[in-house]
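See below for the structure under consideration.
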Amino acid sequence: MTETLAADADFSDRDAAARAILTGNDRGGYTVPTAGLYPYQWNWDSAFASLGFAQFDLERAWREIETLFSGQWESGQVPHILFHKPDPGYFPGPDVWGCTGPIPSSGITQPPVALSFATRLLAADPALGAARFAALYPKMRKWAEWFLRWRRDEKGAIFVVHPWESGRDNAPDWDNAMDAIDPQGVGYYERRDTQHVDASMRPTKYDYDRYIWLVQRGKALEWDDARLAQDNPFRVADPTMHFILLRALRDLYAAGEAQGLDTAGMAEQLAELEAGAQALWNPGMGFYDSYNCANGIWSNALTNASFLCWFAGLDAPEMAQHLSRVLDAAPYGVPSLAPFDPRFDARRYWRGPTWGMMNMMIGEGASERGVALGEEVRKRTREVIARYGFVEYFDPMTGAAAGGKAFTWTAAVWLAWAGKEG
Ligand code: DGY
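Read in order, the letters of the sequence shown correspond to residues 0 to 421 in numbering that gives the first Met the number 0.
Here it is as structure tokens:
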């Protein structure tokens, strides 16, 4: 590891800077991930924004999650993007998606970490939060149940129908399923992301053609869950979604019980998801992995999502040696793909860079399950943010800043976890 920052370094200026990023990205009831590149409300970014606001403005933190649920569909799905106000700087916008929910939106969802964070807002001030939590609770249960109904394969693993649904857009996890898509006919479109961020840090054209092709397919199927389950060629069982949903359901169940709310069926749902996690264990590689539901082919990819097992509440002692290996290979936090994998690309989004919010879920989960390296993950995340700023992600080998600037979830992770004294 490179020279570390002094143990007594004063980070108080960073706390203020992190709060300024959250308030600067606040658009009135919802927070954009960063101006320009992501100008709308993104689902799991918004959950982290809420957790960040909770460190200094709990009322605003609740509002973030309430606004997110104002876009919930009748089916229970909560979209991955809510297009509250038009912004020509982003593609693909609401017309490309063609959705008909209560707020113009995308047609897919994202990992439901908002459910877990809602329980943290409640714990922070039960008197302030009890009524707000109770009002959200049936909606949160409905979203969890939507996953169990529409995103669970026959082995019990939760799958995604678009790489963007997982949030790990260009991870190697999707390569096999993406190869099976022929994007001919996708037509002309203009990417806007590479006008905001260097193309070497973003997904390739090969990936983008397939992202847009999948959006067009979903729109043609009118985003109907039953038709998507049958006619969408992309279905990949995903540890991100499975582990975060498992944690969400666990937290929701515990808080529901404590608040005297209706928890009927939740113990069974939890047990089923715990059992389903076994399907994500790749026996050949000896770690948690994703697989293509169409053919059962494993990704053989040790990613940061593999290490969310502890956040899910699983005891997975075998994963500690893998974490140790990747931390030995990459000094600046848990890389999104192990550096010893030939597909590793240090700056290309989810094929190498380290992400503060993933590190938080990995580090916290590890510490909760008694894995000592959890604290090391926190220290390295603290160091890389303190040195290189509140950017979207970092090169895990050099720490260099990458992706968007003034990024909401990096600021939130600083306030809620990384910047706190252990
Ligand atoms: C994008 O546009 O790059 C987003 O990640 C989609 O969610």
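Note that the Cβ used here is the ideal one computed from N, Cα and C, for glycine as well.
Bear in mind that the values here come from a model prediction, so they are computed numbers and not experimental data.
Residue i burial status per 10 Å Cβ neighbour count (16 or more: buried)
| i | result |
| --- | --- |
| A415 | buried |
| T407 | buried |
| P111 | buried |
| R201 | buried |
| T99 | exposed |
| E420 | exposed |
| A263 | exposed |
| Y290 | buried |
| D429 | Since the first and last residues shown for the chain are 0 and 421, residue 429 lies out of range. |
| T22 | exposed |
| D178 | exposed |
| F339 | exposed |
| P87 | exposed |
| R148 | exposed |
| P137 | exposed |
| M0 | Unreliable placement is indicated for M0, whose pLDDT of 42 sits below 50; the coordinate value is still reported in the next sentence. So M0 counts as exposed. |
| S199 | exposed |
| P103 | buried |
| D237 | buried |
Near the ligand DGY: residue i beta-carbon under 7 Å from a heavy atom
| i | result |
| --- | --- |
| W163 | yes |
| H195 | no |
| H83 | no |
| D192 | yes |
| D168 | yes |
| H79 | yes |
Secondary structure of residue i, DSSP reduced to three states
| i | result |
| --- | --- |
| P171 | helix |
| R379 | helix |
| Q71 | coil |
| P124 | Note that residue 124 corresponds to Asp in the displayed sequence, not to Pro. Looking at D124 - three-state DSSP - the assignment turns out to be coil, as it is neither helix nor strand. |
| R368 | coil |
| S165 | helix |
| R62 | helix |
| V95 | helix |
| D206 | helix |
| M0 | Residue confidence for M0 is low, a pLDDT of 42 falling below 50, so the modelled location carries little weight; the figure read from the coordinates is stated next. It is coil, neither helix nor strand. |
| N291 | strand |
| L313 | coil |
| L251 | helix |
| P110 | coil |
| V159 | strand |
| V390 | coil |
| K404 | coil |
| T262 | coil |
| D44 | helix |
| S104 | strand |
| Y427 | Since the first and last residues shown for the chain are 0 and 421, residue 427 lies out of range. |
| F306 | helix |
Residue i and residue j closer than 8 Å at C-beta
| i | j | result |
| --- | --- | --- |
| P171 | Y89 | no |
| P330 | G351 | no |
| L81 | F146 | no |
| W349 | N175 | no |
| S45 | A113 | yes |
| G362 | G373 | yes |
| V390 | G402 | yes |
| V235 | V159 | yes |
| E63 | F55 | no |
| Q455 | E164 | Because residue 455 is not part of the residues shown, which for the chain are 0 to 421, the question remains open. |
| R246 | S115 | yes |
| G295 | F393 | no |
| R191 | Y207 | no |
| G275 | K154 | yes |
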